[in-house]
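Asker: Residues 37 to 103 in our numbering are what the sequence shown lists, from first letter to last. Cβ coordinates follow ideal geometry from the N, Cα and C atoms, glycine included. Since the structure is predicted, the reported quantities are computational estimates derived from the model, not experimental observations. One structure is given below, represented as structure tokens, and several questions about it will come after.
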Amino acid sequence: MNNYDDWKLDTPDNHVKQIYTCEQCVGAINLGDSFISTKDHYVVHDDCFDDFAWKHLGAKYKVAGDE
Ligand SMILES: [Zn+2]
């Protein structure tokens, strides 16, 4: 490959380096992205953490006396 092709084929995506995979959405967590890690060694996007926590903890809203 000559230098012209290197330049032409060089897209911003070539510089994205995936470091982790989000446990919740299975999306990429790339170099420089902020994320949340848990004590169980799960890694999730900031935006995915609420959904992850609800699912992982098996949490649900209840009303006292109405069960
Ligand atoms: Zn995610």
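What's the gap between the Cα of PHE85 and the Cα of ILE72?
Answerer: Answer to the nearest angstrom: the Cα atoms are 7 Å apart.
Asker: For TYR56, name the three-state secondary structure that DSSP assigns.
Answerer: In this structure, TYR56 counts as strand in the three-state DSSP scheme.
Asker: Pull up the distance between the alpha-carbon of ASP41 and that of PHE88, whole angstroms please.
Answerer: Computed Cα separation, rounded: 43 Å.
Asker: Could you tell me whether the Cβ of LEU45 comes closer than 8 Å to any Cβ of chain D?
Answerer: Absent from the structure: chain D. Only one protein chain is present.
Asker: When the Cα atoms are used, what is the spatial distance from ASP82 to THR57?
Answerer: Going by the C-alpha atoms only, they are around 13 Å apart.
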